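To convert a position in the sequence shown, counted from 1, into the working numbering, add 1. No residue lacks a Cβ here, since even glycine has one placed at the ideal position from N, Cα and C. The model shown is predicted, which means the values in this text are computed figures rather than measured ones. Reading through the structure tokens given below for one structure.
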Amino acid sequence: MIPYGRQSVDESDVEAVVAVLRSDWLTQGPAVGRFEAAVAGYCGDGYACAANSATSALHMACLALGLKPGGRLWTVPNTFVASANCGRYCGAEVDFVDIEPETWCIDPAALERKLQRAEADGVLPDIVVAVDFAGQPCDYDALGRLKARYGFALLQDASHAIGAEYNGSKVGFLPQVDATVFSFHPVKIVTSGEGGMLLTTRPEIDARARMIRSHGIVREKALLENATQGDWYYEQQALGFNYRMTDLQAALGCSQMARLASFLEKRQRLAARYDELLAGLPVCRQTQASGRRSAWHLYPVLLVDEPTRRQVFDAMRSAGIGVQVHYLPVHLQPYYRQLGFAPGICPVAEAHGRRALSLPLYPALCDDDQARVVAALKEALA
Ligand SMILES: *Cc1c(COP(=O)(O)O)cnc(C)c1O
Numbered sequence: 002m003i004p005y006g007r008q009s010v011d012e013s014d015v016e017a018v019v020a021v022l023r024s025d026w027l028t029q030g031p032a033v034g035r036f037e038a039a040v041a042g043y044c045g046d047g048y049a050c051a052a053n054s055a056t057s058a059l060h061m062a063c064l065a066l067g068l069k070p071g072g073r074l075w076t077v078p079n080t081f082v083a084s085a086n087c088g089r090y091c092g093a094e095v096d097f098v099d100i101e102p103e104t105w106c107i108d109p110a111a112l113e114r115k116l117q118r119a120e121a122d123g124v125l126p127d128i129v130v131a132v133d134f135a136g137q138p139c140d141y142d143a144l145g146r147l148k149a150r151y152g153f154a155l156l157q158d159a160s161h162a163i164g165a166e167y168n169g170s171k172v173g174f175l176p177q178v179d180a181t182v183f184s185f186h187p188v189k190i191v192t193s194g195e196g197g198m199l200l201t202t203r204p205e206i207d208a209r210a211r212m213i214r215s216h217g218i219v220r221e222k223a224l225l226e227n228a229t230q231g232d233w234y235y236e237q238q239a240l241g242f243n244y245r246m247t248d249l250q251a252a253l254g255c256s257q258m259a260r261l262a263s264f265l266e267k268r269q270r271l272a273a274r275y276d277e278l279l280a281g282l283p284v285c286r287q288t289q290a291s292g293r294r295s296a297w298h299l300y301p302v303l304l305v306d307e308p309t310r311r312q313v314f315d316a317m318r319s320a321g322i323g324v325q326v327h328y329l330p331v332h333l334q335p336y337y338r339q340l341g342f343a344p345g346i347c348p349v350a351e352a353h354g355r356r357a358l359s360l361p362l363y364p365a366l367c368d369d370d371q372a373r374v375v376a377a378l379k380e381a382l383a
């Protein structure tokens, strides 16, 4: 089976992890600091806080941005459930904004209409989570203007998008956003086994995230509420979690960062070749908006309708091609249905969820495999 995505781990990655195993630190230690510095340095200038998953990093971000029980978080339906669940972890109400029919990213016009209604009703969101779908950054200029007008915090879920560019800048410290989260799950672009990272240019968000990452505990003298009683002294100042990354994971992440440029180049080349090979087939591709450069986590296409998707999915799986669906709309998951959500609130994302199919895309996918994928798709569509 050709999988839809897979990690690329080489000898340099293995050696980096083994070196940590032979060292004094296994839990959060010097390798975590190195990984944070590597990712921050790659993205530009700001703070980076590693966590044991992007899910944890999203939760830390919501807490650090001040999301409270009864607060409100909005995101899109065509994402992994974690983009919405982070609001629920804080006791906030979650709601959904539709996507653009071309880029499949959050639709600023739909967001603006929803914000106008929410303002009239006195129920504006505290946080909007924008998801860089498949690796393409959202329209952050438009989102930044809405943020300035309506006063929400903008959280960028860039789990798909490390290495992507917006107006010539790597995503991570975009001036329009308050915080950005990357995922290092093995199907994503860079892996640490499990892992995530919270990036921000705001020092108070970073300091808060670091406290939450480790039980709400602070040790730095400057941050203590009371006078220190000695070098052993620490204070638990809030209810935090154990969201720490291990040095084993960070060493793998660091080693992978050295390979990121080659991963991106291969993904971009494979995506361009899919574009060519699929020309003329009855499928829609994601429009790449100008000024944005995708990191190509996924190569999704839209098929004509739902019955076609089912047939094409089954035919391709039988042919040994590991296609996947990204995503079943989050608000139609049983958990969100039970909170009262129903079909009809986000028609574009719902239609996307019925028709989307992701083709295999990962750095080691070879030209022959890619030709096999396209041949199987042609046959399934015929
Ligand atoms: C993978 C993913 C996450 C969660 O990442 P983990 O590191 O597995 O917790 C969150 N949001 C999106 C959009 C994702 O694709």
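- For V130, DSSP records a beta bridge to L156.
- Beta-bridge partners of D96 (DSSP): W75.
- Within 10 angstroms of the beta-carbon of Q237 lie fewer than 16 other beta-carbons, which makes it exposed.
- According to the DSSP assignment, T181 belongs to the beta strand (DSSP E) that extends over 180 to 184.
- In the structure shown, the three-state DSSP call for R286 is strand.
- In this structure, T56 has its CB closer than 6 Å to one or more heavy atoms of ligand 1.
- Restricting attention to L253, P301, A58, the CA atom closest to the CA of Y244 is found in A58.
- In the structure shown, the three-state DSSP call for S84 is helix.
- Looking only at C347, L278, L265, P348, the smallest Cα-Cα distance to Q8 is reached by L265.
- Counting only residues of its own chain and dropping the five nearest sequence neighbours on each side, E94 has a CB closer than 6 Å to the CB of R73.
- Contact between the stretch 183 to 203 and the stretch 154 to 161 is present: 3 or more CB-CB pairs across the two stretches fall below 8 Å.
- Counted as a single uninterrupted DSSP element, the alpha helix (DSSP H) harbouring P204 occupies residues 204 to 214.
- L329 carries a coil assignment under DSSP once its states are collapsed to helix, strand and coil.
- Two segments are said to touch when three or more pairs of C-beta atoms, one from each, lie closer than 8 Å; by this definition the stretch 267 to 278 touches the stretch 353 to 364.
- Counting the other Cβ atoms within 10 Å of the Cβ of Y167 gives 16 or more, which makes it buried.
- Going by DSSP, V324 is part of no alpha helix (DSSP H) at all; its letter is neither H nor E.
- When beta bridges are read from the DSSP output, M198 appears opposite A51, F183.
- In terms of side-chain proximity, the C-beta atom of D142 is found no nearer than 6 Å to any non-hydrogen atom of ligand 1.
- Distance from the CA of R356 to the CA of W105, rounded to the nearest whole angstrom, comes to 12 Å.
- When only Cα atoms are considered, V77 and Y328 end up about 11 Å apart.
- Within the DSSP bridge table, the entry for I107 names I100 as partners.
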